[in-house]
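Numbering (full-length UniProt numbering), first residue to last: 1 to 477.
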């Protein structure tokens with residue numbers, strides 16, 4: 001045994017002879033102990049050598065990147081991996097159901113978002129093959145796949161995080177290791193994933209919502225909507241679009257004069273008059289994503305709000321919808337758990353955000369520049385004057401119930417002209433419908449709901465509208 005140990009240690013012939021003679025002189029028990037120590041030493045040295053070699057190999061021939069949930073780059077690589085054939089062939093995988101409805105994965109539309117979501121919205125990561133689930137590798141397991149001729153190792157992990165308020169939450173990580181001689185190959189792969197992700201985004205408006213931990217989550221994607229599809233008085237649309245375009249085109253003008261590059265819009269007026277639709281259409285026209293701050297959630301406090309605002313892109317639409325539902329006048333006497341009624345008549349607890357905290361995110365040191373800030377309310381009289389003053393809300397646009405002109409335009413949108421021979425008939429029905437609508441008594445949303453009953457039936461819609469209007473007005477009295 002000791003001869004083989006001497007050989008393994010690489011001792012010379014003379015040294016080996018002395019080594020073997022020395023061991024032979026020892027008693028069997030001592031000799032066995034020495035052999036055990038030497039064998040352990042040999043194995044430990046071997047392990048260290050191989051560890052050093054693997055460490056050198058990893059530094060030289062592999063590149064690793066880590067992606068953490070809550071960061072947009074995590075979405076890039078998640079979508080890219082899901083499209084790779086080798087990613088779904090693992091034998092240990094998680095089953096992740098795709099959303100069944102076009103809302104958040106929880107199935108709940110957050111307060112203030114019902115006006116932004118409609119049947120055109122679709123969940124993020126929707127696929128065309130109609131599959132009901134996707135199958136990523138299980139957490140804390142290594143998955144191997146090829147990208148072209150290069151070997152990739154993927155590891156997904158999940159880490160539980162505690163929060164100062166609310167329940168604990170999980171952070172997911174994806175570690176991507178590429179076996180390659182090129183140190184930039186993985187960066188090129190990431191850039192490709194980002195370009196594919198953003199190319200898809202260009203075809204849609206992405207609606208994101210803040211959570212109680214200060215992260216933005218993708219809520220839905222909506223197809224671009226032409227500004228002409230919003231039935232508003234022409235001067236209202238022109239004022240909104242021209243002002244937004246002027247702001248985005250004059251960043252240098254603001255910088256040269258030392259004026260903060262920010263613009264705030266307050267859209268107020270009757271429910272169902274098109275405030276949310278205007279924002280969606282404007283976002284489509286300007287190719288800007290929408291970031292919704294759910295102020296009505298009590299779990300959103302000043303620090304969370306500051307984190308959300310600081311992580312918004314330079315160019316985006318930041319939306320405080322139904323802002324009156326989150327705040328009452330600061331002169332009002334606060335109760336132990338103040339309740340307010342939002343724009344849709346829903347009773348909610350007041351927000352965990354203070355007025356001063358909100359004002360700091362609008363024009364304080366925390367405020368971001370380059371974004372369009374929109375706030376909507378059905379009750380402008382409930383807003384504190386400090387919130388609605390110029391410099392915070394620079395443009396104020398009031399929305400009213402439908403005019404007869406809007407009613408006619410809405411009718412024509414529902415029943416587009418098919419053949420030239422239909423023009424006179426369509427004009428007649430459109431005018432008949434509009435003339436029956438009283439000025440500024442019914443909302444555009446109410447008229448749209450009525451026309452939805454008569455898809456492809458313009459004549460019946462025009463003939464029956466008078467009776468329907470009579471019933472609606474009776475309900476309001």
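Using N, Cα and C, we set each Cβ at its ideal position, and we do this for glycine too. Treat the numbers as computed from the prediction; the structure is a model and nothing was measured.
Can you give me the start and stop residues for the beta strand (DSSP E) that residue 208 sits inside?
204-210
Please look up how many angstroms separate the CB atoms of residue 411 and residue 434, rounded, as I've assumed it's under 8 Å.
7 Å
Express the C-alpha separation of residue 37 and residue 44 in angstroms, rounding to a whole number.
10 Å
Quick check: residue 182 and residue 154, are their CB atoms within less than 9 Å of each other?
no
With DSSP run on the structure shown, which of helix, strand or coil describes residue 261?
coil
For residue 352, count neighbouring Cβ atoms within 10 angstroms of its own Cβ and tell me buried if that reaches 16, exposed if not.
That one is buried.
Does the beta-carbon distance from residue 284 to residue 364 come in below 9 Å?
no
One question on the structure: do residue 278 and residue 237 come within less than 9 Å of each other, judged by their Cβ atoms?
yes
For residue 301 versus residue 210, is the C-beta spacing smaller than 9 Å?
no
Residue 448 versus residue 138: straight-line alpha-carbon distance, rounded:
47 Å
Tell me, please, whether the segment 84-91 touches the segment 144-152 by the rule of three or more beta-carbon pairs shorter than 8 Å.
yes
Is residue 248 near residue 315, with beta carbons less than 9 Å apart?
yes
Start and end of the alpha helix (DSSP H) containing residue 146?
Careful: residue 146 lies outside any alpha helix (DSSP H), inside the beta strand (DSSP E) at 142-147.
What is the residue span of the alpha helix (DSSP H) that residue 252 lies within?
251-256
Using the C-alpha atoms, what's the distance from residue 233 back to residue 483?
This structure gives no information on residue 483, because the portion of the chain shown stretches from 1 to 477.
Pull the bridge partners of residue 401 from the DSSP assignment, please.
According to DSSP, residue 401 bridges with nothing at all.
Inter-residue CB distance, residue 373 and residue 261 (contact presumed, cutoff 8 Å)
Rounded, the Cβ-Cβ distance is 12 Å, inconsistent with contact.
For residue 263, I'd like the list of residues in its chain whose CB is within less than 8 Å of its CB, leaving aside the five on either flank, ordered along the chain.
243, 244, 247, 372, 373, 394 and 395
For residue 438, tell me which candidate among 281, 462, 171 and 403 has the shortest Cα-Cα distance.
The option with the nearest alpha carbon to residue 438 is 403.
Reducing DSSP to helix, strand and coil, say where residue 287 ends up.
coil
Using only alpha-carbon positions, find the residue among 180, 443, 160 and 224 that is nearest to residue 60.
180
Taking 9 Å as the cut-off, decide whether the C-beta atoms of residue 366 and residue 360 are in contact.
yes
Residue 478 vs residue 460 beta-carbon contact at 9 Å:
Limits of the chain in this structure are 1 at one end and 477 at the other, which puts residue 478 out of reach.
For residue 191, does the three-state DSSP call read helix, strand or coil?
helix
Please report the residue range of the beta strand (DSSP E) in which residue 375 lies.
Taken as a continuous stretch (DSSP letters only), the beta strand (DSSP E) holding residue 375 covers 372-377.
Out of 172, 430, 440 and 52, state which residue places its alpha-carbon closest to the alpha-carbon of residue 140.
172
By the 10 Å Cβ neighbour count, where 16 or more other Cβ atoms means buried, how is residue 146 classified, buried or exposed?
exposed
Whether residue 436 touches residue 415 by CB criterion (9 Å)
no
Do you know whose CA, among 259, 186, 89 and 70, lies nearest residue 170's CA?
70
Distance CB(residue 465)-CB(residue 406) smaller than 9 Å
no
Would you kindly check if the distance between the Cβ of residue 273 and the Cβ of residue 379 is under 9 Å?
no
With residue 474 as the anchor, note down where its alpha helix (DSSP H) starts and where it stops.
458-476
Hey, out of 76, 424, 475 and 391, whose CA is closest to residue 194's CA?
76
Work out the CA separation of residue 271 and residue 474 for me, nearest whole Å.
18 Å
When we look at the beta-carbon of residue 96 and count the other beta-carbons within 10 Å, is it buried (16 or more) or exposed?
exposed
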